[in-house]
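Protein chains in written order, with this note's numbering: chain A, 440 to 549; chain B, 18 to 827.
Ideal Cβ placement from N, Cα and C applies to all residues, glycine included.
Owing to the predicted nature of the structure, the values given are computational and were not obtained by experimental measurement.
First comes the structure, then the notes that go with it.
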Ligand code: SRM
Ligand SMILES: Cc1cc2nc3c(=O)[nH]c(=O)nc-3n(C[C@H](O)[C@H](O)[C@H](O)COP(=O)(O)OP(=O)(O)OC[C@H]3O[C@@H](n4cnc5c(N)ncnc54)[C@H](O)[C@@H]3O)c2cc1C
Ligand code: SF4
Ligand code: FES
């Protein structure tokens with residue numbers, strides 16, 4: 440239900456200049472009540488997921504980023520930053536947000 | 018030829034296990050139809066306790082997925098209950114109006130949880146602990162309510178209570194008798210169990226009889242016979258089970274407590290069989306899984322007509338409590354009786370109690386508390402009636418060289434894993450077929466040791482027995498992580514040999530299976546590179562664990578803690594005042610004196626960290642680092658009447674010399690000025706003890722997870738010699754230990770003698786170590802907090818959050 444409401448009034452927000460995102464180190468972005476973890480992967484891709492580990496709310500932005508995954512800083516759950524899916528043997532999912540980069544400016548749609 | 022029609026009523030552990038056996042024996046014999054009331058495929062009911070305790074998830078406990086049913090052409094109807102069997106026309110009828118004919122029928126309907134018929138038992142929030150729905154109710158309830166009452170101090174009740182504690186609820190366990198798990202434990206073990214669980218936070222109401230459950234729509238309180246009332250938002254009844262004979266009874270099949278079966282699992286009706294908790298065999302009804310496996314095998318052979326031999330002969334039961342941190346095992350006739358004698362071991366220091374009851378030179382029962390690794394072995398000895406005259410009474414409870422031969426002598430059909438019914442033969446076969454070489458691989462392949470874990474030891478022995486020397490080799494090699502097949506030592510050797518200089522290069526050249534490694538190997542490689550190339554390696558922040566990247570300790574809520582240096586535990590009014598001011602200015606939620614003789618500011622917001630450091634203007638205490646932590650000191654000769662040396666002075670000198678040094682794991686030191694050891698030098702990585710005219714140097718102590726007292730390395734005269742010996746010792750540790758190996762574990766692995774030999778008898782080598790240490794120390798970066806204060810880019814990169822700014826849609 441909540442998701443539906445969000446889809447109705449989608450917002451596209453400017454969140455950072457590409458230079459402000461160090462490679463493989465997450466950044467926390469606050470948008471209203473949302474806390475988002477923004478990652479610039481070594482491939483250059485930029486990904487945005489909810490900054491809350493499904494295990495015990497660990498701040499994912501602070502985790503170690505390897506390839507397309509982030510390892511939660513609290514108890515090391517491994518999360519796919521593209522799909523938001525927690526990798527086995529653990530289970531769960533975090534919300535992902537579409538990101539686009541235009542003229543080195545990063546935008547998130549929520 | 019048309020296949021026979023087989024219908025199974027009850028999609029639970031026993032019934033489906035029997036189907037597994039049947040399709041193994043004769044995959045094409047039957048057209049199989051299964052009905053199950055629960056809306057799930059067959060799952061491992063005993064793991065519900067682990068799900069509740071948060072150790073696993075519902076998805077992980079499925080035993081046979083929907084695909085399994087499809088693969089074997091089994092028609093499965095979930096969420097559908099069989100209400101009646103017509104013995105004359107050979108059909109079953111369900112609550113959905115379906116009727117299905119059968120040639121053979123198996124009833125495996127399990128049990129109903131027994132609900133005490135108390136006034137108010139029908140209120141919302143009063144449940145049992147039997148299935149996935151109960152488990153989910155408890156998890157959901159814990160989100161909105163805080164107080165649970167579990168009625169019943171047996172296995173199930175205690176497992177439920179532990180789970181509810183893990184979910185953050187307060188829990189009272191009500192038991193009608195004065196000791197817990199009376200059916201599985203003797204009073205001594207029971208007392209120890211209660212004490213341990215109380216320590217874990219369970220509250221017991223022993224000798225309490227429940228009178229009524231009070232509340233409006235939902236439960237609010239529980240009332241006891243003696244008039245006492247306790248608050249309850251949730252009541253879990255775990256007082257027992259009663260065999261589910263509903264459908265058998267409704268269909269005129271003979272029942273007593275359970276559905277009566279003979280040794281071949283036949284009921285009173287032709288071609289109708291029963292097994293599992295609903296079946297009664299020789300007046301016994303079982304409530305555990307081990308008997309089900311035996312029954313399932315007999316029934317499968319019987320129904321496939323391949324000869325079921327002497328049939329099912331009954332089972333001797335063993336139980337194990339699945340509560341983390343508490344090891345309890347019991348089997349057979351463990352209570353004292355006039356015609357049996359017992360061997361007992363009780364160690365109040367370690368909280369271990371073991372009792373084995375013996376009659377006529379044979380073990381007839383056992384209770385183990387605190388240490389249960391012998392459980393499966395003892396159970397097998399009970400089952401086999403092993404003559405113990407030869408073994409020697411005391412050896413029964415000790416790991417003896419005979420252990421190895423124990424698994425060797427077991428028959429292939431003997432069960433190793435009682436929870437999942439996995440036999441020795443199955444495991445050995447799997448090891449050989451699939452080249453398994455670890456307990457974890459055996460678990461994933463066969464399910465052995467997947468549930469309660471008691472049989473891990475036996476599985477290990479089986480691996481050893483089956484693979485012989487290969488196992489030793491396979492076991493010896495500990496790879497850095499799953500991304501590589503190389504060991505720590507091999508990686509370091511390759512870095513040196515090939516002159517590798519970046520983590521990505523290491524992973525690339527050495528054939529890592531993942532493009533950028535994982536949270537285990539990245540920090541390890543980063544450390545190794547820094548150790549091998551102290552002067553030119555540029556530390557990779559992105560390969561550091563959060564604490565070491567941020568130079569602060571992350572807390573459970575995402576804030577950080579800040580521990581400034583207080584060399585040797587000595588402080589002064591200025592520093593104390595600064596700490597006090599900072600704590601006030603930044604609303605620091607907690608100021609605490611640490612176990613390392615300094616002050617911790619806990620709960621600082623990430624964004625505030627750089628300013629906190631700036632205002633403190635003190636060096637980082639590295640309380641977060643794989644590096645030199647603290648040097649704890651005692652008062653020493655300047656004030657103490659026993660002091661023989663200046664412990665504070667030496668402690669400060671050591672801390673100043675080695676601070677900020679990266680090490681494989683953290684290093685803690687201590688200096689005491691006499692053998693009274695007020696700085697606890699005996700449990701430090703390096704501990705110094707002053708004696709008249711000399712210093713003793715102790716190494717390899719640890720006060721953490723694996724307590725280890727330090728060993729005396731040597732005795733030297735001057736503080737200069739102390740500093741030099743520490744330099745040599747720590748450099749040797751830095752170069753040789755595996756990443757995340759504390760000095761205590763490293764020393765155990767390589768041996769004290771080897772270290773003494775290296776550092777005391779080889780002067781040139783020692784000097785080289787000292788030299789390399791000096792190079793490493795000279796190349797250390799300056800204090801990280803200061804760097805952050807001075808470097809704006811790093812500060813914004815790591816500590817500043819961004820905000821979103823809405824852009825008008827184009
Ligand atoms: C702050 C402190 C507790 C206190 O308030 O006293 C502390 C706090 C933590 N300790 Fe400790 N330890 C503290 C003294 C100790 C001591 C006692 C001592 O140093 O004298 C020990 C046992 C001695 C020893 O290490 O030999 C100790 C043994 C551990 C261990 C187990 C290490 C082991 O090898 O077994 C860990 C886990 C680890 O490092 O993997 C640990 C890990 C932790 C961590 C860092 C957990 C983590 O990884 O996040 C804790 C951070 C809490 C937080 O929220 O910030 N802490 N920890 C102490 C800081 C001392 C300091 O000033 O630096
Ligand atoms: C939380 C918990 C922890 C446990 N821990 C352990 C342990 O550590 N060790 C151990 O040995 N045992 C343990 N047990 C006991 C063990 O789970 C049972 O002994 C075992 O599941 C019994 O298997 P069963 O097939 O007889 O019954 P079940 O597994 O209960 O299967 C019976 C199935 O039949 C279905 N059914 C009933 N009537 C009908 C009908 N008319 N039509 C269609 N379907 C029907 C039921 O819904 C159920 O799914 C535990 C049990 C619980 C609840
Ligand atoms: S003992 Fe150490 S690691 Fe454990 S909770 Fe206390 S501070 Fe944390
Ligand atoms: S909070 Fe993320 S792994 Fe525990």
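Once the 5 residues before and after residue i are set aside, which same chain residues still bring their CB inside 6 Å of it?
i	result
residue 154(B)	144
residue 193(B)	226
residue 505(B)	497, 755
residue 823(B)	none
Note down, in chain order, each residue of its chain lying with its Cβ closer than 8 Å to the Cβ of residue i, except the 5 sequence neighbours on either side.
i	result
residue 457(A)	479, 485, 540, 543, 544, 545
residue 106(B)	118
residue 370(B)	205, 206, 209, 361, 362, 363, 364, 384, 385, 386, 387
residue 76(B)	none
Out of the options, point me to the one whose CA is closest to residue i's CA.
i	options	result
residue 165(B)	272(B), 188(B), 152(B), 146(B)	188(B)
residue 368(B)	451(B), 385(B), 360(B), 429(B)	385(B)
residue 634(B)	590(B), 737(B), 803(B), 524(B)	803(B)
residue 312(B)	322(B), 323(B), 300(B), 328(B)	328(B)
residue 564(B)	402(B), 815(B), 262(B)	815(B)
residue 350(B)	114(B), 199(B), 431(B)	199(B)
residue 490(A)	459(A), 483(A), 505(A), 511(A)	511(A)
residue 310(B)	740(B), 660(B), 436(B)	436(B)
residue 841(B)	203(B), 262(B), 298(B)	Residue 841(B) lies beyond the range of chain B shown here (18 to 827); nothing can be said about it.
residue 671(B)	455(B), 744(B), 726(B), 716(B)	744(B)
residue 521(A)	453(A), 477(A), 497(A)	477(A)
residue 191(B)	276(B), 167(B), 249(B)	167(B)
residue 139(B)	70(B), 68(B), 252(B)	252(B)
Are the CB atoms of residue i and residue j nearer to each other than 8 Å?
i	j	result
residue 801(B)	residue 568(B)	yes
residue 433(B)	residue 444(B)	yes
residue 707(B)	residue 662(B)	yes
residue 26(B)	residue 47(B)	no
residue 552(B)	residue 796(B)	yes
residue 229(B)	residue 240(B)	yes
residue 81(B)	residue 55(B)	no
residue 718(B)	residue 690(B)	no
residue 526(B)	residue 517(B)	yes
What in chain B is Cβ-close to residue i, meaning under 8 Å?
i	result
residue 510(A)	535, 536
residue 515(A)	536
Quick one: list the residues of chain A neighbouring residue i, beta-carbon separation under 8 Å, in chain order.
i	result
residue 559(B)	461, 462, 463, 464, 503, 504
residue 818(B)	466, 467, 468, 469
residue 16(B)	In this structure chain B extends from 18 to 827, so residue 16(B) is not present and cannot be described.
List, in order along the chain, the chain B residues whose C-beta lies closer than 7 Å to that of residue i?
i	result
residue 498(A)	575
residue 455(A)	819
Do we get a CB-CB distance below 8 Å when we pair residue i with the residues of chain A?
i	result
residue 822(B)	yes
residue 755(B)	no
residue 76(B)	yes
residue 539(B)	yes
For a contact meaning CB atoms closer than 7 Å, what does residue i contact in chain A?
i	result
residue 781(B)	By Cβ distance, chain A contributes nothing, its closest Cβ being about 41 Å from residue 781(B), past 7 Å.
residue 814(B)	461, 464
residue 562(B)	503
Consider the Cβ of residue i: report whether some Cβ of chain B lies at a distance smaller than 8 Å.
i	result
residue 441(A)	With a pLDDT of only 41 at residue 441(A), under 50, the local geometry of the prediction cannot be trusted, and the value read off the model is given with reservation. So no, residue 441(A) is outside the interface.
residue 541(A)	no
residue 530(A)	yes
residue 547(A)	yes
Note down, in chain order, every chain A residue with its Cβ under 9 Å from the Cβ of residue i.
i	result
residue 571(B)	497, 498, 501, 512, 513
Leaving aside the five residues before and after residue i along the sequence, list all residues of the same chain whose C-beta is less than 7 Å from its C-beta, in chain order.
i	result
residue 547(B)	554, 556, 679
residue 607(B)	619, 620
Along the segment 457-475 of chain B, what residues have a CB closer than 8 Å to any CB found in chain E? Here chain E cannot be found, since the structure's protein chains are A and B.
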